[in-house]
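Notes follow once the structure below has been shown.
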Amino acid sequence: MSKNAWVSDVWNPVGDGIGWTPLFARAFNDWEIILLERLLQKIQAVRVQREEEDRVIWTASKDGVFSVRSLYSMMEPGGLSLFPSERIWRARVPPKVAFFAWEASWGKVLTQEQLQRRGFSLANRCFLCLSEEETVDHLLLHCIKTRVLWNLLFSLFGISWTLSCSVKATLLGWNGGFVGKRHKKAWQMAPLCIFWTVWKERNRLAFGDADLSLQRFMSSLGNKRLELFDMGAGASDPTADDNVQVASSMSNQELIQAGNKTMDETDQTIERSKQVVAQTIEVGTGTAVTLKGQTDQMGRIVNELDTIQFSIKKASQLVKEIGRQVATDKCIMLFLFLIVCGVIAIIIVKIVNPNNKSIKDVPGLAPPAPSRRLLYLKASDYLE
C-alpha cells in the first residue's frame with residue numbers, strides 16, 4: 001500500500017461493502033497474517049464521518065486536546081513506549097554501533113541535511129546514490145545502494161520484508177519471532193550492523209573521495225555473516241538452518257552471487273504474486289458486474305412491485321366506487337318498493353270498502369280542506 005495514499009483511496013463509502021479497502025503491494029508471509037488481522041480489526045473500528053469536518057486529535061488524552069501533562073504521562077516508563085530502547089541497547093553489538101543506532105533513531109546523525117540545519121552552506125546530495133538528498137532515513141533505509149544490503153539480509157533469512165518510513169519505526173517493528181530462537185539474536189543485531197556498515201561506507205566516500213564499489217559494499221556485510229549467524233543454540237526453522245550452513249561455507253563472492261540469485265527469485269515470486277492479484281482483481285470485477293446485474297434485476301422487480309401496488313390501490317378505489325353505486329341503487333329500489341306498497345294498500349282499501357267512490361272518502365287519504373275566506377262588505381252595501 002502506498003505511503004502517500006489518501007483516505008479516499010482506501011475507503012469505500014457506498015454499497016454493502018462500506019469500510020476500509022486497503023490494497024497491499026505484495027503477498028504476506030505466514031507470520032504476517034496475524035499482524036494483518038490485528039491491523040484490519042483496529043481500522044474497521046474507525047469509520048469515516050463524511051458529515052463532520054476533519055480535525056487533529058491528540059490520542060494521549062481522553063478529550064483529544066494536547067497538554068503537557070499528557071505528554072509527560074506518555075513518556076513515563078509505565079506509559080506508551082515510542083522509542084526502540086530495547087531493540088538498541090539489548091542487541092549484542094559493540095557500544096559504538098548501538099550508540100550510532102540510538103543517534104539515528106533520533107535523527108541526529110550528521111548527514112548533509114543535519115549540516116545544513118546547523119548553518120553549513122553545502123549541496124545536499126547522497127554520497128551513495130548521488131541522486132537524492134541525504135537524510136538519515138534515506139541513507140540508512142531507502143537509498144537504492146543501501147537496499148542491496150537489506151535485500152541480501154532478507155534473502156539470507158528467506159523472508160520478504162517491507163521497511164518502514166523511518167529508522168525509529170523500522171526498529172520498533174523489527175520483530176523476529178519467525179526466525180526461531182537460535183537466530184533471534186542475529187536478527188535483532190542485523191539492522192544495527194547494516195546501519196553501521198552503511199555509515200562507514202558513506203564516510204569513506206565523503207572523506208576519501210573514492211567511488212562506490214557495490215561488490216566491496218556487499219562484502220563488508222558478508223564478512224560479518226558468521227558473527228550474525230553463529231550465535232546461540234536451540235531449534236530453529238529449517239529454512240534458517242539451511243541459510244546458515246550455506247552462508248558459513250561460502251566465500252564473499254559466492255555469497256553475493258547467491259544473494260543476487262535469491263533476490264531474482266524473490267522478484268519472480270513477486271511478479272507471480274502480482275499476476276495472481278491481477279487475476280483476483282479480474283475475478284472481482286466479474287463478480288462486481290454480476291452483482292450489478294443482480295442489483296438491476298432487483299430494481300426492476302421493485303418497480304414491478306410498485307406497479308402492482310398501484311394497480312391494487314386503483315382496484316380498491318374502483319371497488320369502493322362500485323359499492324357506493326350499489327348503495328344508491330338499493331336506496332332507489334327501497335323507494336320504489338315503498339311506492340308499490342302504497343299502491344297495493346290503496347287497492348286493498350278499495351276492495352275492502354267498495355262504497356268509497358272517491359279517494360277522498362278513504363280515511364287518511366282525503367286532501368286537506370280548502371281555506372276559508374272571510375267576505376268583507378262595505379256598510380253602505382249592507383244597508384241597501
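Oh and the sequence shown: position 196 is 196 in UniProt numbering, straight run, nothing missing. Beta carbons are placed, not taken as given, at the ideal position from N, Cα and C, and that holds for glycine.
Is the beta carbon of residue i within less than 7 Å of some heavy atom of the ligand SAM?
i, result
"A27", "The ligand SAM is absent from the structure shown, which contains no ligand whatsoever."
DSSP state of residue i, grouped into three classes?
i, result
"N29", "coil"
"I57", "coil"
"N203", "helix"
"L163", "coil"
"S105", "helix"
"I144", "coil"
"R117", "helix"
"F24", "coil"
"W196", "helix"
"T170", "helix"
"L291", "helix"
"S306", "The amino acid occupying residue 306 in the given sequence is Asp; Ser does not appear at that position. Note: D306 maps to helix in three-state DSSP."
"T285", "helix"
"Q49", "coil"
"C331", "helix"
"N151", "helix"
"H183", "coil"
"C129", "coil"
"K320", "helix"
"E134", "coil"
"W89", "helix"
"D63", "coil"
"P84", "coil"
"P191", "helix"
"L139", "helix"
"A278", "helix"
"A345", "helix"
"L122", "coil"
"K314", "helix"
"G299", "helix"
"K350", "helix"
"G208", "helix"
"L35", "helix"
"N4", "coil"
Sort out for me which residues DSSP pairs residue i with in a bridge.
i, result
"G19", "N12"
Apply the 10 Å Cβ neighbour rule to residue i and answer buried if 16 or more other Cβ atoms are within range, or exposed otherwise.
i, result
"F127", "buried"
"C331", "exposed"
"A88", "Per the sequence shown, the amino acid found at residue 88 is Ile instead of Ala. I88 is buried by the Cβ-count criterion."
"Q112", "buried"
"T197", "buried"
"V302", "exposed"
"P191", "buried"
"V93", "buried"
"C341", "exposed"
"L338", "exposed"
"V136", "buried"
"V167", "buried"
"P238", "The pLDDT assigned to P238 is 40, lower than 50, so where the model puts this residue is not dependable; a value taken from the coordinates is nonetheless given after this. With fewer than 16 other Cβ atoms within 10 Å, it is exposed."
"residue 415", "The requested residue 415 does not occur in the structure, where the chain is confined to residues 1 to 384."
"E201", "buried"
"L140", "buried"
"V276", "exposed"
"I347", "exposed"
"V68", "exposed"
"A91", "buried"
"V326", "exposed"
"S8", "exposed"
"S311", "exposed"
Going by alpha carbons, who is nearest to residue i out of the options?
i, options, result
"A278", "R26, E304, T295 and D9", "R26"
"W20", "E32, F28, W31 and R47", "R47"
"V179", "F157, K274 and S67", "F157"
"W31", "E321, V289, S160 and F24", "S160"
"S164", "G177, H142, K181 and F154", "H142"
"F195", "L205, E53, R300 and H138", "H138"
"H183", "K200, A206, L153 and F207", "L153"
"L82", "A60, S316 and Q49", "A60"
"K274", "A5, F28, W11 and K3", "F28"
"T280", "E53, L23 and N12", "L23"
Determine whether the Cβ of residue i lies closer than 8 Å to any Cβ atom of chain D.
i, result
"L35", "The structure shown contains no chain D, having only a single protein chain."
Is the segment 124-134 close to the segment 148-165, with three or more CB pairs under 8 Å? no
Assess contact between the segment 186-194 and the segment 26-44, defined as three or more Cβ pairs (one per stretch) separated by less than 8 Å. Is contact present? no
Is there contact here, the segment 87-104 with the segment 167-181, by at least three beta-carbon pairs under 8 Å? yes
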